[in-house]
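Engineer: Sharing a structure with you now.
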Amino acid sequence: MIYQIFDWIDRRLPLRRAKAHCDIPCGIYDPITAQIAALTVVRIIDLMKDLEGREAVSKLDYHNSMSRYIAIKEEHAEKAKQEIRIIWGDYIKPQHLEKYPNLHEVVHKIMGLGSKVRQTTDRQIAEQFVEAINEFAQIFWETKGIATKRAKAPYAPSLELVYPVLE
Amino acid sequence: MIRLLRVRGQSLTPQIEDGDFVLALKLPIFFSIQAGELIVFRKAPYGVLIKQVEHVDEQGRVFWVRGNHPDSIDSRTFGVVRAWEVLGKVVARFSKS
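Which chain is which? The protein sequence lines are A and B, in order. Each residue of the first sequence is one higher than the last, beginning at 1 in the numbering used here. Each residue of the second sequence is one higher than the last, beginning at 168 in the numbering used here.
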């Protein structure tokens with residue numbers, strides 16, 4: 001209630017700011033980049049399987065496309081892991097771990113699945129990768145007191161992602 | 168003197184979150200700042216900052232401050248904060264959640 005009153009005042013008569021800043025643009029943490037990277041891994045596996053089933057494609061084109069898919073899959077699996085590592089290392093504090101004691105376990109699961117999706121073309125594992133990052137995203141937004149919702153991504157492979165519900 | 172300020176940045180999260188409001192108090196007498204307290208101060212060229220006091224000198228006139236984030240701008244960057252730079256210590260925080 002008091003917060004809302006101050007917020008109302010601040011929007012009309014802006015108060016002085018007290019900066020709690022860092023020497024890099026810290027505070028810009030969002031698991032969505034990891035979620036999209038993991039989704040990309042699933043999409044690439046679909047494209048790889050689609051290419052494998054095609055007959056009217058030259059050997060040269062096949063190898064060209066397949067090598068590009070593999071490179072992208074590698075890159076995005078690693079990107080997803082890296083984004084999670086950044087949030088885990090820079091944002092997550094002991095207070096968060098007290099409240100979410102399984103957080104280390106979730107991160108460790110993401111790291112393992114992120115390696116597994118690079119080693120294989122198993123779609124199920126890639127889906128588990130997306131889901132584990134969703135689980136992380138859910139906790140992340142909860143630590144900020146922001147509600148979440150699950151919705152299908154508006155692009156292939158249209159898997160469910162956890163999104164923050166913003167005002 | 169009491170001031171109402173809005174916090175911007177996340178170097179003090181989760182103690183103080185981006186967008187929180189704080190009341191900072193500074194009295195001419197019987198006013199002391201202890202380690203662990205949050206203070207608002209003016210520091211060129213950064214402007215008005217809010218940080219946690221890590222250490223106070225014996226006279227209570229010089230403060231070493233820090234943020235919770237490893238990349239926080241604090242005494243590691245700009246050195247100590249002197250009493251005349253302090254605008255007040257945080258006596259209340261108003262958070263959205």
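The beta carbon of each residue, even a glycine, is placed where N, CA and C say it ideally should be. What you are looking at is a predicted structure, and each value in this text was computed from that prediction instead of being measured.
Quick one: does ARG173/B have its CB under 8 Å from some CB of chain A?
Structural biologist: Answer yes: the Cβ-Cβ gap between ARG173/B and chain A drops below 8 Å somewhere.
Engineer: CB LEU254/B to CB ALA202/B, shorter than 8 Å?
Structural biologist: Not a contact, by the Cβ cut-off of 8 Å.
Engineer: Beta-carbon of GLY214/B versus every beta-carbon of chain A: anything under 8 Å?
Structural biologist: Yes - at least one Cβ of chain A is within 8 Å of the one on GLY214/B.
Engineer: Using a Cβ cut-off of 8 Å, which residues of the segment 95-117 of chain A contact any Cβ in chain B, in chain order?
Structural biologist: Cβ contacts with chain B come from GLN95 and HIS96.
Engineer: Could you give the DSSP three-state label for ALA80/A: helix, strand or coil?
Structural biologist: In the structure shown, ALA80/A sits in a helix (DSSP, three-state: H, G or I).
Engineer: In or out: GLN124/A buried (at least 16 other Cβ within 10 Å) or exposed?
Structural biologist: Answer is exposed; the Cβ neighbour count stays below 16.
Engineer: Answer with buried or exposed for HIS108/A, where buried requires no fewer than 16 other C-beta atoms within 10 angstroms of its C-beta.
Structural biologist: Its Cβ having fewer than 16 others within 10 Å, HIS108/A is exposed.
Engineer: What are the partner residues of PHE188/B, as DSSP defines its beta bridges?
Structural biologist: PHE188/B pairs with ARG173/B and PHE261/B.
Engineer: For ALA151/A, which beta-bridge partners are listed by DSSP?
Structural biologist: Paired residue(s): LEU161/A.
Engineer: So what's GLY234/B in DSSP terms, helix, strand or just coil?
Structural biologist: It is coil, neither helix nor strand.
Engineer: I believe VAL41/A touches ALA126/A by the beta-carbon criterion, under 8 Å. Please report the beta-carbon distance rounded to the nearest angstrom.
Structural biologist: Right, their Cβ atoms sit about 5 Å apart.
Engineer: Would you say LYS149/A lies against chain B (beta-carbon separation less than 8 Å)?
Structural biologist: Not an interface residue.
Engineer: Using a Cβ-Cβ cut-off of 8 Å, state whether ASP90/A counts as contacting chain B.
Structural biologist: By this cut-off, ASP90/A is an interface position.
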